[in-house]
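*Asks:* According to this note's numbering, the residues represented by the sequence shown are 75 to 177, in order. Yeah, the Cβ is synthetic: ideal placement off N, Cα and C, and Gly gets one too. None of the values given here were measured: they were computed from a predicted structure.
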Amino acid sequence: MPEKPPKRDRQDQRDKKQKQCRRRAAIEPIIAHLKSDYRLSRNFLKGIAGDQINLLMATTVWNLRKWMIAFLCLMYCWLNSKVRSVILNQPSTQAKLMILFQG
Numbered sequence: 075m076p077e078k079p080p081k082r083d084r085q086d087q088r089d090k091k092q093k094q095c096r097r098r099a100a101i102e103p104i105i106a107h108l109k110s111d112y113r114l115s116r117n118f119l120k121g122i123a124g125d126q127i128n129l130l131m132a133t134t135v136w137n138l139r140k141w142m143i144a145f146l147c148l149m150y151c152w153l154n155s156k157v158r159s160v161i162l163n164q165p166s167t168q169a170k171l172m173i174l175f176q177g
């Protein structure tokens with residue numbers, strides 16, 4: 075973590091450093107998860123190009139997983155609404171609901 079900003083810094087410089095510190099604190103847990111979950115702790119590819127390929131593959135999997143979760147949530151909500159509309163539009167269900175609400 076960066077040290078405390080010196081007194082000679084202007085207020086806008088201090089604010090900028092504080093914002094950078096917060097940004098770093100937000101990114102570090104993501105990097106830790108990439109290292110543990112997507113095998114970034116050890117690189118099996120050679121050279122700088124291997125490092126870049128390894129990182130590119132891990133971040134691609136990370137983003138694909140996020141997109142898949144969002145897509146599956148949307149599909150679940152859509153299917154759930156369709157099933158509910160089919161169940162509620164059946165005559166037997168409507169009759170049961172009318173009896174229930176008439177008391």
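Starting from Asn154, trace the alpha helix (DSSP H) in both directions and tell me its first and last residue.
*Replies:* Looking at the DSSP string, the run of the alpha helix (DSSP H) that includes Asn154 is Gly121 to Leu162.
*Asks:* For the putative contact between Ala132 and Leu119, defined by C-beta atoms under 8 Å, what is the C-beta separation to the nearest angstrom?
*Replies:* Not confirmed; about 12 Å, so no contact.
*Asks:* Can you tell me whether Arg96 is helix, strand or coil according to DSSP?
*Replies:* Helix, per DSSP.
*Asks:* Check this for me: beta carbons of Asn137 and Asn128, under 7 Å apart or not?
*Replies:* Going by C-beta atoms, Asn137 is not nearer than 7 Å to Asn128.
*Asks:* Can the beta-carbon of Val135 be found less than 7 Å from the beta-carbon of Tyr112?
*Replies:* The answer is yes: Cβ separation under 7 Å.
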